[in-house]
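Trainee: Starting off with a structure, shown below.
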Amino acid sequence: MFFLLKISPLNWLFFVTGLIIGFFLYLVDYLLYPFYADQNLELVIVAKKYLQQKNYQHYLQLLWLNQKAMAHLLSRSFLFIIIYFPLTIFVLSSSSQVFGQGVVLGIGLNLAIKLWQLRNDPEQFHQHFFWQAETQISPLVINRVVIGFSLLFGLLTVLALF
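Numbering (numbering that gives the first Met the number 0), first residue to last: 0 to 161.
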C-alpha cells in the first residue's frame, strides 16, 4: 500500500475519522425514522410522545430496542444504493478533502457489510433494501446486487486510495 507513504499523518487521521463517521452515519437515519415513517405506527406515536416530553433518553432507548421494526430506512433502500455511486464518484473525483472521501467510503462499507449479512435471507433482504418494490426478488438477483455493489465499492475504494 504505497498510498500510505504519500499521505500525511494528519490527512490519514482525517480520512480514518471520516471513515468511522460514514460507517455510523446510518444511525442518524434511525434517529429521524419517526419523522418520515407512517405516523400511525405505535413506535412512531410513542417516540414522538417522548420527544414532546423532552425525554430524550427514553426516545433513544425506544429506537435502539426497536431497530428490527425500523427496516424501511431511507439509507437502506435500493434507491439509496443507486444514488450512492454517483455521489461517491463526485466526492472522490472533485474533492481533495480526505475527510469527505472517508465519509462516503464509510457509508459504502456499512452498506456492503449489511448487504452481505442479509444476502442469504431473501425476505429480510427485501424488507431492508427493496421495500419500495411490490414484488419479491429472487436469490439470483440478490446475489447479483451484492456482488455488483461489492465490486463497484472495491473499485471506488482503490480509486480513492491511489
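The C-beta atom is built at its ideal place from N, Cα and C for all residues, glycine as well.
What number of angstroms, rounded off, separates the C-alpha of residue 23 from the C-alpha of residue 106?
Mentor: Within the sequence shown, residue 23 is the residue found at index 24, counting from 1. Within the sequence shown, residue 106 is the residue found at index 107, counting from 1. Distance between the alpha carbons of residue 23 and residue 106 is about 8 Å.
Trainee: Who are the near neighbours of residue 47 in its chain, counting only those whose CB is closer than 7 Å to its CB and skipping five residues on each side?
Mentor: In the sequence shown, residue 47 corresponds to position 48, counting from 1. For residue 47, same chain residues with a beta-carbon under 7 Å away, outside a window of 5 residues either side, are 33 in chain order.
Trainee: Counting pairs of beta carbons, one from the region 35-43 and one from the region 119-129, are three or more of them closer than 8 Å?
Mentor: Not touching, per the Cβ criterion.
Trainee: Take residue 113 as the anchor and find which of 72, 100 and 89 has the nearest alpha-carbon.
Mentor: What you label residue 113 is simply residue 114 of the sequence shown in a count that begins at 1. Minimum Cα distance to residue 113 is reached at 72.
Trainee: Residues in its own chain within less than 7 Å of residue 90 by CB, not counting five upstream and five downstream?
Mentor: As a working mapping, residue 90 is identified with position 91 in the sequence shown. Same-chain partners within the cutoff: 99, 100 and 103.
Trainee: Tell me whether residue 133 is buried or exposed, calling it buried when 16 or more other Cβ atoms sit within 10 Å of its Cβ.
Mentor: As a working note, residue 133 is residue 134 in the sequence shown. Residue 133 is exposed by the Cβ-count criterion.
Trainee: So, using beta-carbon positions, are residue 18 and residue 84 closer together than 9 Å?
Mentor: On the sequence shown, position 19 is the one that residue 18 refers to. On the sequence shown, position 85 is the one that residue 84 refers to. It is not a contact, given that the beta carbons lie outside the stated cut-off.
Trainee: Is DSSP giving residue 143 helix, strand or coil here?
Mentor: The residue labelled residue 143 in the question sits at position 144 within the sequence shown. Residue 143 falls in the helix class under three-state DSSP.
Trainee: With a threshold of 6 Å on Cβ separation, who are the neighbours of residue 74 within its own chain once the five nearest residues in sequence on each side are excluded?
Mentor: Translated into the one-based positions of the sequence shown, residue 74 becomes position 75. Within its own chain, the residues whose Cβ lies closer than 6 Å to the Cβ of residue 74, once the five positions on either side in sequence are excluded, are 25 and 28, listed in chain order.
Trainee: So, with DSSP's three-state summary, where would you put residue 20?
Mentor: If you number the sequence shown from 1, residue 20 lands on position 21. Of the three classes helix, strand and coil, the one that applies to residue 20 here is helix, per DSSP.
Trainee: Rounded to whole angstroms, what's the CA-CA distance from residue 142 to residue 149? Just pull it up for me.
Mentor: Within the sequence shown, the letter at position 143 stands for residue 142. Within the sequence shown, the letter at position 150 stands for residue 149. Near 10 Å, if we compare the C-alpha coordinates of residue 149 and residue 142.
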